[in-house]
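Numbering (the working numbering), first residue to last: 76 to 270.
Written out as structure tokens, the structure is:
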């Protein structure tokens, strides 16, 4: 059911949600807590992508309980990050920071460099929207260092843009252009590879 939900999501959100809810119901009836947690996350993700953040929230919270019980640290931290994303979208920045920091600590504990980079980026974004550009830049640079170590092209393209924007709004235009060009180079390479 979850596979069906994922496959039809791009074309039909309602049908994807129906499949995810059916998968949740089946997993609950069969007492399969692993599938239940994944189903809850899928339901929440579908609501989130549609902009129904408050509908997504309780499903993520239930998934957190199950991932905690299962000691599935990777999914637990990803889900904490998703709750942070909800608060970020709702402009509840203190709550967003709280959950992003929980996910950051969790990713650090399990040694997930990509997760650490993602959490740092999201924390930087909160500082960006609150006009705390020095703090945003600090987190973006830390993210950049991780993404460079991982040679994570998609992440590098995004973080170069974010760093460029900080330099732009703080009137360091030459630096801004430098980072925008770095992003452009990566985007050109990845676009060429896709064709």
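Note that CB positions come from ideal geometry on N, CA and C, so glycine has one too.
Counting only runs of 4+ residues, the alpha helix (DSSP H) found wholly inside the region 198-253 occupies 208-225 and 228-244, in chain order. Shown here for residue 210: same chain residues with a beta carbon closer than 7 Å to its own, the five before and five after excluded, namely 202 in chain order.
Ranked by how close their Cα comes to the Cα of residue 217, the residues 206, 237 and 204 have 237 in first place. In terms of CA proximity to residue 148, 182 leads the group 182, 89, 104 and 189. The three-state reading of DSSP puts residue 193 in helix, counting H, G and I together. Out of 204, 101, 178 and 89, the CA that lies nearest to the CA of residue 195 is found in 178. The beta carbon of residue 164 sits closer than 7 Å to those of 128, all from its chain and outside the five residues before and after it, given in chain order. Residue 246 has its alpha-carbon roughly 10 Å from the corresponding atom of residue 239.
A check of alpha carbon separations from residue 174 across 190, 156, 166 and 191 identifies 156 as the nearest.
Ranked by Cα distance from residue 133, the options 185, 142, 116 and 153 are led by 116. Taking residue 231 as the centre and dropping the five residues before and after it, the same chain places the C-beta of 222 and 261 closer than 6 Å to its C-beta, in chain order.
Taken through DSSP and simplified to helix, strand or coil, residue 167 comes out as coil.
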